[in-house]
């Protein structure tokens, strides 16, 4: 299951989505998240799902690869669904002792599950279709206006990108540690939820040691290359908006308008 997590991974490709300016993709992801929280009916979610499906088709990232990344968070989706379906007050359609299910609770639970499902897929597309270095440059350029108030935009962008970049690495280390301990007789499958959680404690110490080792190696590599932050740094490839970027931004704005209009009319 750990290997199924795709967050932070890059899927190499030459599609139109891959070639877009990273700033356009970052802004588009943020707008899509905002749009998901504007939507309050199934028609709006259908429109958002069709738009997301179109982007996935253009990106040429296999749908099976994207869906595989949802497996580790199915528990969170199920927990959120169950929490909403039992906690929302309204017209009761089923009750057993202190548990009850309401019509309003079902609607809220389904809405929240669909919203999280689309949000996770839409967010994962950003890292799947954008190289880490391009993502860093895009975040830095978007934050550059805040330099006037002393915000270290380059350092913030670098930290965010490194955090995303090393999620797959740490997951791979966790998988290796678990397999090594299972080979020595460790059991992570049997027992109740509390016992399983306790059995994972021995993994934390070697995982923290591995994480600190990776961080030290990265720091030494950056120091050996005379890295000194974003001040006076130049780039091999300067980012420039092209025609396709302007068209993509126009489509994003148009889609935002459609979602707002749909929410007001329906």
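Residue numbers (this note's numbering): 25 to 290.
All C-beta atoms in this analysis are idealised placements derived from N, C-alpha and C, irrespective of residue type, glycine included.
Please read these numbers as outputs of a predicted model, since none were measured by experiment.
Taken in chain order, the whole beta strand (DSSP E) runs of length 3 or more contained in the stretch 55-136 are 116-120, 123-126. In this structure, DSSP gives residue 270 a helical state, which the three-state scheme calls helix. About 6 Å separates the beta carbon of residue 198 from that of residue 231, a gap short enough to meet the 8 Å contact definition.
In the three-state scheme derived from DSSP, where H, G and I count as helix and E and B as strand, residue 264 is classed as coil.
If only uninterrupted alpha helix (DSSP H) runs of at least 4 residues are considered, those enclosed by the stretch 178-234 are 217-223. When the five nearest sequence neighbours on each side are left out, the beta carbons in the same chain lying within less than 8 Å of the beta carbon of residue 150 are those of 49, 50, 53, 159, in order along the chain.
The three-state secondary structure of residue 38, taken from DSSP, is coil. Three or more beta-carbon pairs separated by less than 8 Å link the stretch 58-66 to the stretch 137-146, which places the two stretches in contact. With distances taken between CA atoms, residue 91 lies nearest to 77 out of 82, 104, 77. Pairing residue 237 with residue 210, the inter-Cα distance amounts to about 24 Å. Between residue 79 and residue 41, the CB-CB gap stays under 8 Å.
Under a 10 Å Cβ-count criterion, residue 277 is classified as exposed, with fewer than 16 other Cβ atoms of the shown protein chains found around its own Cβ.
Between residue 67 and residue 286 a beta carbon distance of about 6 Å is seen, short of the 8 Å cut, so the two are scored as contacting. When the five nearest sequence neighbours on each side are left out, the beta carbons in the same chain lying within less than 8 Å of the beta carbon of residue 110 are those of 123, 124, 125, 129, in order along the chain. For the pair residue 201 and residue 227, the Cα-to-Cα distance works out to about 7 Å. Per DSSP, the unbroken alpha helix (DSSP H) holding residue 157 starts and ends at 156-167. Of all alpha-carbon atoms in 178, 220, 103, the one lying nearest the alpha-carbon of residue 163 is that of 178. Around the beta carbon of residue 193, fewer than 16 other beta carbons sit within 10 angstroms, so the residue counts as exposed. Cβ contact annotation for residue 127 (same chain, cutoff 7 Å, sequence separation greater than five): 114, 115, 117, in chain order.
Straight across, the Cα-Cα distance linking residue 104 with residue 242 is about 37 Å. Excluding five sequence positions before and after residue 55, the CB atoms of its chain that fall closer than 6 Å to its own CB belong to 276, 280, given in chain order.
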